[in-house]
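**Student:** Below is a structure I'd like to ask you about.
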Amino acid sequence: MSAVTDKPSVRKSRSSRDHTERGVGDNRRIGSHVLLGILAIYFILPLWWLLVSSTKSTSSLFSSAPLWFDNPADFVDNVQGLFTHQGGIYWTWLGNSFLYAFTGGVGATILAILAGYGFAKYRFRGRGVAFGFILGSVMVPLTALVVPTFLLLSNVGLINTPWAVILPSLLSPFGVYLMRVYTQDAIPDEMLEAARIDGSGEFRTFFRIALPMLKPAIVTVLLLSVVATWNNFFLPLAMLSDPQLLPVTVGLNNWTKLSNAGAGGEQVWNLITSGAFISILPLLISFLFLQRYWQGGLAIGSVK
Amino acid sequence: METTTSPARAKAGSAQHPGTVARRRQRVGWLFVSPFLLIFVIFLVVPLGYAFYMSLFTSTLAAGKSFTGADNYIKAFTDPIFLEGMARVGFFALVMIPLQIGIALLAALVLDTLATKLSKASRLLIFAPYAIPVVIGALMWGFLYSPRFGPATTIFEVFGMQAPEFLSANLIFGSLVNIVTWQWSGYYMIVIYAALRSIDASIYEAARVDGATGTQIALRIKVPMISSSMVMVLIFAIIGTLQFFTEPVVLRNIAPGAIDAAFTPNMYAYALAFQYSQFNYASTIAFSLGILVFIGSYIFLYFTRKQSGLEK
Numbered sequence: 001m002s003a004v005t006d007k008p009s010v011r012k013s014r015s016s017r018d019h020t021e022r023g024v025g026d027n028r029r030i031g032s033h034v035l036l037g038i039l040a041i042y043f044i045l046p047l048w049w050l051l052v053s054s055t056k057s058t059s060s061l062f063s064s065a066p067l068w069f070d071n072p073a074d075f076v077d078n079v080q081g082l083f084t085h086q087g088g089i090y091w092t093w094l095g096n097s098f099l100y101a102f103t104g105g106v107g108a109t110i111l112a113i114l115a116g117y118g119f120a121k122y123r124f125r126g127r128g129v130a131f132g133f134i135l136g137s138v139m140v141p142l143t144a145l146v147v148p149t150f151l152l153l154s155n156v157g158l159i160n161t162p163w164a165v166i167l168p169s170l171l172s173p174f175g176v177y178l179m180r181v182y183t184q185d186a187i188p189d190e191m192l193e194a195a196r197i198d199g200s201g202e203f204r205t206f207f208r209i210a211l212p213m214l215k216p217a218i219v220t221v222l223l224l225s226v227v228a229t230w231n232n233f234f235l236p237l238a239m240l241s242d243p244q245l246l247p248v249t250v251g252l253n254n255w256t257k258l259s260n261a262g263a264g265g266e267q268v269w270n271l272i273t274s275g276a277f278i279s280i281l282p283l284l285i286s287f288l289f290l291q292r293y294w295q296g297g298l299a300i301g302s303v304k
Numbered sequence: 001m002e003t004t005t006s007p008a009r010a011k012a013g014s015a016q017h018p019g020t021v022a023r024r025r026q027r028v029g030w031l032f033v034s035p036f037l038l039i040f041v042i043f044l045v046v047p048l049g050y051a052f053y054m055s056l057f058t059s060t061l062a063a064g065k066s067f068t069g070a071d072n073y074i075k076a077f078t079d080p081i082f083l084e085g086m087a088r089v090g091f092f093a094l095v096m097i098p099l100q101i102g103i104a105l106l107a108a109l110v111l112d113t114l115a116t117k118l119s120k121a122s123r124l125l126i127f128a129p130y131a132i133p134v135v136i137g138a139l140m141w142g143f144l145y146s147p148r149f150g151p152a153t154t155i156f157e158v159f160g161m162q163a164p165e166f167l168s169a170n171l172i173f174g175s176l177v178n179i180v181t182w183q184w185s186g187y188y189m190i191v192i193y194a195a196l197r198s199i200d201a202s203i204y205e206a207a208r209v210d211g212a213t214g215t216q217i218a219l220r221i222k223v224p225m226i227s228s229s230m231v232m233v234l235i236f237a238i239i240g241t242l243q244f245f246t247e248p249v250v251l252r253n254i255a256p257g258a259i260d261a262a263f264t265p266n267m268y269a270y271a272l273a274f275q276y277s278q279f280n281y282a283s284t285i286a287f288s289l290g291i292l293v294f295i296g297s298y299i300f301l302y303f304t305r306k307q308s309g310l311e312k
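Structural data, given as C-alpha cells:
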C-alpha cells in the first residue's frame, strides 16, 4: 500500500485554534488581508455584474452603468419573459439540468462508493490490475470519448434521449479513487472483522457500519460529480438536438448565438443574463450549505 | 493476494472453513466493484477501442468504408490544423497552469495563516466561480469583454483611455487565459488549503523556535509537505487545459473572427464529426488527443512519483 494511507488524511478542522500564535505580525496581517481582498474582488466581480444585469431590460443593459442597478423591478419582467419566451422552454432546460446532474451525479456516487469500498476492503484476484486501469484512466481526457461514445450510442438508437447524457456521466474514475483512499483511512479492518465475528453479513456490515462513516467522502464525491454533470457542455452538445432535451447551459448558449446573429425577434440579452443568474443559484447555495463537508473532503488522498 | 482459483461455490451459512470464507469474500469484493467496472468498460474502454478501430478506416461516399491502417494518423500528424491546435493548447498550458496554480498556492498559504471572518469570507468568494458552469462563466466574461455591455469602456474612460478590444484576434489568448484562471484557481486553492489544514501545526512551532520566518516556513515546510496535493492539482490542470473546448466555443459566438472552428483539437474533432461527418478522421483526432494527454500526464506523474498521491 502506498504511503498515502499512513494516517487519516481528513482530520477535524483546526479553525478553532488561534492562528495569531503562528507568529504573524500585525503588518503582515494587514498585507495579507489586502491581498485576499483584491483576489476576492477579482473573483466575485463578474458575479456581481451578473446579479446587477439580471435586473435590467435589454435597453438598460446597453445604456446604464454596467456595475450598478438601474431599475431592479425589471427583474420581475425578465422572469416573466423566461416563462413566455419560446413557450417557457428555459424552465424545461433548467429541469433537464437538474435531472441529468441529479441522476448522473447520484449514480456516479453510488458506483464510486461501492467500488471504492470493494477495492479498499476486499482482497480478490485481479484487484491490482483492475484498480491500475482505473487509476490510469483518471488521466484520459473524457472529452476525447465524446465522439466515439456518440457513434456507439447512435448504433443502439440512444442518441437524442436523456440516457445519452446520463449514462456516460456515471463514469467517475476519480470518484472511485477518492472513495478507496478515504475508506482505507476511515474504516479499520479490525472493525469489519469484529462485525463479522458478531455474525453480521458482508452487506449488512457495509450498510450499517461502513456507510455512515464515509459521509464526508460521499458528500464530496457527490458534489464533484453533480458539478461535473451540471457543467458538462460537450456531451449534451454532441448527443442532443431536440431543444426540449437540452440542459440550461447548452440552451443559453443557443440563445446567445441567436442574439449575436442579430435576428430582431431573437435578441433576448435580458433573458440570457437573468436566466444565467437563476441557473447558478442552486449550486452556489449547495456549496454554501455543505461547505464543512467538501472543504475537508477535498483533501482526501492528497496528504501524506 | 490469495491463490484461490476455483469458482466460489461456498454458500452463506456453510461450515466456516477458512478457504471457503476467503473465496466467499473474493466474490463479495467483485460484487462491490462490478457495477462500476461495467460502466467503465462500456463508456471508457469500448469507446477508446472503437475510436481506435474507426481511426484505421476511411469512409468515402464513392468507395465506401476501406481499411487504411495508419493513414489517418499520418494525415493527423502532418495536418497543420491539428498541429496548430495542439501547439495552441500547449502554449495555453504553459501560461495558464503556472498562473492558476500560483494564485491558488499564494491564496492558500495566506489563508492558512489567518483565521479571521474576512479571510473566511474571501475564501468562499475566491472559490465561488467553481460553482458556476463553464458555459455561464464564459458567457459572463463575453459580456464583460464586450465593448457594448461591459464595464471596461466606462472604466478606461475615467482614465481618458480607450478600452482594449478583448475579443480581437490579438487579445483573445489573454482573454481566454483570464476566464480559465478565474474559473479554476479557487478550486485548486481549496484543495491546497485543505491539505495545508491537515498538517500538524506543532511542526511550525519547532521551526519557529529554530528561528524560521513565516516565508521560510511556507516555502520550506508547508509546500514540501503538501507536494502530493500539488501534483494532483497539476495533473488536473494539465488534463483540463489540453482538452480546452467550452470557453472558446462560447466566445466564438461573439468573436468568430478571432476563434476559428478548429481553434483547439477538441473543437476540430467536434467540427469534423458534426459538421463534416468525417467520423473516421474525427475519431483519429480524438484518439490522438486522448493518447497525447495521457502520455503527457503519465510522464509528469512518473517524474513526480515520489510526491504524488496517485501512485499505487
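Chains A and B, in that order, are what the protein sequence lines are. full-length UniProt numbering applies: residue 1 is where the first sequence begins, and numbers increase by one. full-length UniProt numbering applies: residue 1 is where the second sequence begins, and numbers increase by one. Yeah, the Cβ is synthetic: ideal placement off N, Cα and C, and Gly gets one too.
1. What number of angstroms, rounded off, separates the C-alpha of Arg305(B) from the C-alpha of Gly240(B)?
2. Can you pull out the residues from the segment 120 to 143 of chain A whose beta carbon lies closer than 9 Å to at least one beta carbon of chain B?
3. With a threshold of 7 Å (Cβ to nearest heavy atom), would Ile203(B) be considered close to the ligand NAP?
4. Rounded C-beta distance between Ala207(B) and Ile192(B)? I'm assuming under 8 Å.
5. Which of the residues in the segment 131 to 146 of chain B, read from start to end, lie with their CB under 9 Å from any CB of chain A?
6. Per DSSP, Ser66(B) is paired with what?
7. In this structure, does DSSP put Ile187(A) in helix, strand or coil?
8. Please go through the segment 224 to 256 of chain A and give each complete alpha helix (DSSP H) segment of 4 or more residues, from N-terminal end onward.
9. Less than 6 Å between C-beta atoms, sequence neighbours within five positions excluded: which residues of the same chain meet that for Val248(A)?
10. With 7 Å as the limit, tell me which residues of the segment 241 to 259 of chain A have their beta carbon closer than that to any beta carbon of chain B; keep them in chain order.
11. Specify, as a first and last residue, the run of the alpha helix (DSSP H) that Asn307(B) falls within.
12. Are any of the Cβ atoms in chain B nearer than 8 Å to that of Pro212(A)?
13. To the nearest angstrom, how far is the alpha carbon of Gln278(B) from that of Ala138(B)?
14. Between Ala195(A), Ser154(A), Ile166(A), Ile218(A), which has its C-alpha nearest Tyr182(A)'s C-alpha?
15. Should Leu219(B) go down as buried or exposed, given a rule of 16 or more other Cβ atoms within 10 Å for buried?
16. Measure the C-alpha to C-alpha separation of Pro236(A) and Ile132(B) and round it to an integer number of angstroms.
17. Output the distance between the C-alpha atoms of Ile136(B) and Ala276(A), rounded to the nearest integer angstrom.
18. Smallest Cα separation from Ile217(B): which of Ala121(B), Leu234(B), Leu196(B)?
19. Any residues in the segment 234 to 267 of chain B with a beta carbon nearer than 8 Å to a beta carbon of chain A? Which ones, in chain order?
20. Quick one: list the residues of chain B neighbouring Ser32(A), beta-carbon separation under 7 Å, in chain order.
21. On the three-state DSSP scale, how would you describe residue 329(B)?
22. Can you grab the Cα-Cα spacing for the pair Gly297(A) / Asn253(B), in whole Å?
23. Using a beta-carbon distance cut-off of less than 8 Å, what residues from the segment 90 to 103 of chain A approach chain B?
24. At a CB distance below 9 Å, what residues from the segment 155 to 168 of chain A approach chain B? Give them in sequence order.
25. Could you tell me which of Ser34(B), Leu109(B), Ala93(B) sits nearest to Ile226(B), measuring between CA atoms?
26. For residue 317(A), does the three-state DSSP call read helix, strand or coil?
27. Tell me which residue opens and which closes the alpha helix (DSSP H) that Ile74(B) is part of.
28. Distance, Cα to Cα, Ile197(A) vs Met191(A)?
29. With a threshold of 8 Å between beta carbons, is Tyr50(B) in contact with chain A?
30. Among Gly118(A), Ala210(A), Gly104(A), which residue has its Cα nearest to the Cα of Leu223(A)?
31. With distances taken between CB atoms, is the gap from Ile101(B) to Val233(B) smaller than 8 Å?
32. Going straight from the alpha carbon of Ile38(A) to that of Ile30(A), what length do you get?
33. Applying the criterion that 16 or more other CB atoms from any shown protein chain within 10 Å of the CB defines a buried residue, is Tyr90(A) buried or exposed?
34. Is DSSP giving Met140(B) helix, strand or coil here?
35. Suppose you measure from the CA of Ser57(A) to the CA of Ile44(A); what does that come to, to the nearest Å?
36. Work out the CA separation of Ile103(B) and Ala22(B) for me, nearest whole Å.
**Tutor:** A quick look at the data gives this:
1. Cα to Cα, Arg305(B) sits roughly 20 Å from Gly240(B).
2. Lys121, Tyr122, Arg123, Phe124, Arg125, Gly126, Arg127, Gly128, Ala130, Phe131, Gly132, Phe133, Ile134, Leu135, Gly136, Ser137, Val138, Met139, Val140, Pro141, Leu142, Thr143
3. This structure lacks the ligand NAP; in fact it carries no ligand of any kind.
4. Ala207(B) to Ile192(B), Cβ: 19 Å. No contact.
5. Listed in sequence order: Ala131, Ile132, Pro133, Val134, Val135, Ile136, Gly137, Ala138, Leu139, Met140, Trp141, Gly142, Phe143, Leu144.
6. Thr58(B)
7. Coil at Ile187(A), not helix or strand.
8. The DSSP assignment places complete alpha helix (DSSP H) segments of no fewer than 4 residues inside the segment 224 to 256 of chain A at 234 to 239, in order along the chain.
9. Trp93, Leu94, Ser97, Ser279
10. Within the segment 241 to 259 of chain A, those residues whose Cβ lies closer than 7 Å to any Cβ of chain B are, in chain order, Thr249, Leu252, Asn253, Thr256, Lys257.
11. Note that residue 307(B) is Gln in the sequence shown here, rather than Asn. Here Gln307(B) belongs to no alpha helix (DSSP H), and DSSP marks it neither H nor E.
12. Cβ-Cβ to chain B under 8 Å: no for Pro212(A).
13. 28 Å
14. Ile218(A)
15. In this structure Leu219(B) is exposed. Its beta-carbon is surrounded by fewer than 16 other beta-carbon atoms within 10 angstroms.
16. 17 Å
17. 6 Å
18. Leu196(B)
19. Ile235, Ile239, Leu242, Gln243, Phe245, Thr246, Val249, Val250, Asn253, Ile254, Asn266
20. Near Ser32(A) (Cβ distances below 7 Å), the residues of chain B are Val110, Thr113, Leu114.
21. Outside the displayed span of chain B (1 to 312) sits residue 329(B), for which this structure offers no information.
22. 37 Å
23. none
24. Contacts with chain B (Cβ-Cβ distance below 9 Å) from the segment 155 to 168 of chain A involve Leu167, Pro168, listed in chain order.
25. Leu109(B)
26. With chain A running from 1 to 304 in the structure shown, residue 317(A) is simply not present.
27. 71 to 76
28. 10 Å
29. yes
30. Gly104(A)
31. yes
32. 12 Å
33. buried
34. helix
35. 22 Å
36. 50 Å
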